[in-house]
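Notes for the one structure printed next.
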Amino acid sequence: MKTAVSSVKEGTQSHIFADFKEITKARLSISVVFSAIAGYFLGAPELQWYPILLLAFGGYCMVGASNTFNQIIEKDLDALMNRTKDRPIAAGRLSVRTALIIAVILTIVGIATLYILNPKTAMFGAISIFLYTSAYTPLKTKTPLAVFVGAIPGAIPFMLGWVAATDEFGIEPGTLFMIQFFWQFPHFWALGWMLDEDYKRGGFKMLPTGKKDRSTVLQIIMYTIWMIVISIIPVFGITGALTLSIPAALIIFMLGMVMLVYAFKLYEKQDNGSAKKLMLASVTYITFMQVVYVVDKFL
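Reading the sequence shown from the start, the letters are residues 3 to 301 in our numbering.
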């Protein structure tokens, strides 16, 4: 009898943990925390583990809160789409009230944790939540410009790490912001291309022209080029304390060119397979670009 009860409790706890990971989008949140920590490494004069842990924990709370608020607002639309219909709120496993409590707690804890680092970090974290939930989320069913608005909170994490390390905002974190800002467009439009039919079931307008056409891909190509240019600008010594060696800039340039090649392949083929390859290339680019920046600083 005790064994059976214990098994039920373990199953329930496992289910709750799985729903928490789903509602906070754990994999996405971890990738965002990775960007923030990379920014911290670039800005910190010396590495200290306590601020890194605060940034990681506070950052996860902030992203998790944004994702939870998003799923509360879009619960009815999530139920219409294949990729989101099994989310905890849309599927009815988690009530809106419970989700709202989770979101509010994560927001308060996240802002408080980032405030311990410095007030600027907390401010940018709060701005990120506000823009994501109050601007980007409602605009997704209104206009393709939602992606532009969403790119702002999406670009904050890389910059946030620098601000957390230095308590300053200048050209250095501004450059990190612009790199990730321009990266968002080819990444999300490739994803939007792949999931266009599903997004339309929910009424979301994710592609810039509203269609899977060459005009959309031309914009993907344009933003990819801008992303590459901004990514290597520190090599010219015009971005303050944010610097990049010539070998590192060449590596980042080549990574960007690989992504650009996939963008041109999408222009040629206009199929979901090409869009998926571009999306995966974009994930590879942003990860390795940040790693190259960090390694280059400490070599």
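Backbone N, C-alpha and C fix where the C-beta goes; we use that ideal spot for every residue, glycine too.
Nothing here was measured: the structure is a model prediction, and the numbers come from that model.
By the Cβ test, the segment 55-63 is in contact with the segment 29-43, since at least three Cβ pairs between them sit closer than 8 Å. Below 8 Å, enough C-beta pairs join the segment 274-288 and the segment 255-264 to call them touching: three or more.
Here P236 is buried, its C-beta having at least 16 other C-beta atoms within 10 Å. The three-state reading of DSSP puts Q50 in coil, since its state is none of H, G, I, E or B.
By the Cβ neighbour-count rule, Y52 is exposed, with fewer than 16 other Cβ atoms within 10 Å of its own.
Burial is judged here by how many other beta carbons sit within 10 angstroms of a residue's own beta carbon; S217 has fewer than 16 and is exposed. For G163, the enclosing alpha helix (DSSP H) has its first and last residue at 148-168.
If you draw a straight line from the Cα of V294 to the Cα of G94, it comes to about 43 Å. By the Cβ criterion, the segment 275-284 is not in contact with the segment 239-253, since fewer than three pairs of Cβ atoms, one from each stretch, lie closer than 8 Å.
In the structure shown, the three-state DSSP call for E76 is coil.
In the displayed model, R89 falls within coil according to three-state DSSP, outside both helix and strand. Between the C-alpha atoms of K213 and T135 there is a straight-line separation of about 25 Å.
Here the alpha carbon of D78 sits roughly 21 Å from the alpha carbon of V65.
Contact annotation: V165 and T123 have beta-carbon atoms nearer than 8 Å. Approximately 5 Å separates the beta-carbon atoms of I254 and S233; this is inside 8 Å, confirming the contact. In this structure, the CA atom of M256 is about 21 Å from the CA atom of T241. The straight-line gap separating the alpha-carbon atoms of P210 and A153 is approximately 13 Å. Sorting Y269, A265, Q292 by C-alpha distance to the C-alpha of L282 places A265 at the top. The beta carbons of T115 and A67 sit about 12 Å from each other, so the pair does not count as a contact at 8 Å. With contact defined as three or more Cβ pairs closer than 8 Å, the segment 220-227 and the segment 171-179 are not in contact.
According to the DSSP assignment, S247 belongs to no alpha helix (DSSP H), since it is labelled neither H nor E. Counting the other Cβ atoms within 10 Å of the Cβ of G127 gives 16 or more, which makes it buried.
A Cβ-Cβ separation of about 7 Å places F190 in contact with M208 under the 8 Å criterion.
Annotation: D80 to G194 spans about 15 Å, alpha carbon to alpha carbon.
Taking 8 Å as the upper bound for CB-CB distance, P159 and V34 are in contact here, some 5 Å apart.
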